[in-house]
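Asks:
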Amino acid sequence: MEVVIIGAGLAGLGCARVLHQAGIPFLILEASDGVGGGVRTDRVEGFLLDRGFQVLQTAYPEARRVLNYPALELKPFSPGALVYFDGRLHRVADPLRQPRHLFSTLFSPVGSFADKLRVARLRRQVSRGSLEDLCRRPETSTIAALKAQGFSDSMIERFFRPFFSGVFFERELASSSRMFEFVFRMLAEGDAALPAGGIGAI
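Residue numbers (the numbering used here): 5 to 206.
#1: With H, G and I counted as helix, E and B as strand and the rest as coil, what does DSSP make of residue 160?
#2: My assumption, with CB atoms under 8 Å, is that residue 153 sits in contact with residue 122. Please give the rounded CB distance.
#3: State yes or no: is the C-beta of residue 81 within less than 9 Å of the C-beta of residue 197?
#4: Our contact map puts residue 145 next to residue 179 with C-beta atoms below 8 Å; I'd like the distance itself, whole angstroms only.
#5: State yes or no: is the C-beta of residue 163 within less than 9 Å of the C-beta of residue 201?
#6: Measuring straight from C-alpha to C-alpha, what distance separates residue 9 and residue 58?
#7: Look at the alpha carbon of residue 138 and the alpha carbon of residue 183, and state the distance between them as a whole number of angstroms.
#8: Within the chosen definition, does the stretch 68 to 78 reach the stretch 37 to 53 through at least 3 CB pairs nearer than 8 Å?
#9: Residue 28 to residue 206, Cα distance in whole Å?
#10: What I want to know is whether the C-beta of residue 187 ends up closer than 8 Å to one or more non-hydrogen atoms of the ligand NAD.
#11: Can you tell me whether DSSP reads residue 92 as helix, strand or coil?
#12: Spatial neighbours of residue 62 within its chain, please: CB distance less than 6 Å, with the 5 preceding and 5 following residues excluded, ordered by chain position.
#13: Going by CA-CA distance only, name the one from 19, 86, 24, 155 that's closest to residue 40.
#14: Can you tell me whether DSSP reads residue 18 as helix, strand or coil?
#15: Going along the chain, which residues of its own chain have a beta-carbon closer than 8 Å to the beta-carbon of residue 2, five neighbours each way excluded?
#16: Considering just the uninterrupted stretch of the beta strand (DSSP E) at residue 184, what are its terminal residues?
#17: With distance defined between alpha-carbon atoms, name the residue in 43, 26, 36, 35 nearest to residue 15.
#18: Nearest to residue 36 by CA position, among 167, 148, 12, 85, is which residue?
#19: Sort 119, 78, 107 by Cα distance to residue 158 and report the nearest one.
#20: Quick check on the burial criterion: 16 or more other C-beta atoms within 10 angstroms. Buried or exposed for residue 126?
#21: Would you grab the beta carbon distance between residue 143 and residue 181 for me? Rounded to a whole angstrom, and I think it's under 8 Å.
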């Protein structure tokens, strides 16, 4: 029996990979001019242009299992963020990974000094145990979890909401606290990177 896969995006290609490994014949139908779905790179006059905002988070277990990182020649971004408010950029970095930014992070006006200590505590909490343990923790919304951790409104509004709105595609931070903790752990353990040949190389 032949399986028909509709769409050659990442899900369709992932399905095809599993079927191929199992020796099951399949046919992929794709309406566009290439594979990858939203994960594509166009070459224009010698420049590589990724479609949309794309980065690969290297700590994701499935990405580690499926992708050949050395072959992708990953180029990591410096971990951390630049937060813009009051007309200036303010650096927020993980001092464990970027020790040279310890003081600029601790004394940046993005949240209070106590907020920075809460971030360190949160990092420790989400890094303990297995990923399965994270999935068994009590579940609430991301915003409720941040408030329960004691983060100030300014830290939530200046850092967590803008950043995780981009991750979850929703500003209310109503997404599962378990997903938030998983992503926070992945950010602490891995890099945001791009393949040398563009995201389409995946």
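Just so you know, even glycine gets a beta-carbon here, dropped at the ideal spot from N, CA and C.
Replies: On the basis of the coordinates in this document:
#1: Judged by DSSP in its simplified three-state form, residue 160 adopts helix.
#2: Confirmed, about 6 Å.
#3: Their beta carbons are under 9 Å apart, which means residue 81 touches residue 197 by this criterion.
#4: So it is a contact: roughly 7 Å between Cβ atoms.
#5: Taking 9 Å as the cut-off, the Cβ atoms of residue 163 and residue 201 do not count as close.
#6: C-alpha of residue 9 to C-alpha of residue 58: approximately 24 Å in a straight line.
#7: Between residue 138 and residue 183, the C-alpha separation is close to 9 Å.
#8: At 8 Å Cβ cutoff, the stretches do not touch.
#9: Distance between the alpha carbons of residue 28 and residue 206: 23 Å.
#10: You won't find the ligand NAD in this model; it holds no ligand whatsoever.
#11: Residue 92 falls in the strand class under three-state DSSP.
#12: So the list reads 194, 195, 197, once near-sequence residues are dropped.
#13: Per the Cα distances, 19.
#14: Residue 18: helix per DSSP, three-state reduction.
#15: No statement about residue 2 is possible, as the shown extent of the chain runs from 5 to 206 and does not include it.
#16: No beta strand (DSSP E) contains residue 184, which is instead part of the alpha helix (DSSP H) from 181 to 193.
#17: Ranked by how close their Cα comes to the Cα of residue 15, the residues 43, 26, 36, 35 have 43 in first place.
#18: When only C-alpha atoms are compared, the closest one is 12.
#19: In terms of CA proximity to residue 158, 119 leads the group 119, 78, 107.
#20: The residue is buried, with at least 16 neighbouring Cβ atoms inside 10 Å.
#21: That belief holds up - the Cβ atoms of residue 143 and residue 181 are roughly 6 Å apart, short of 8 Å.
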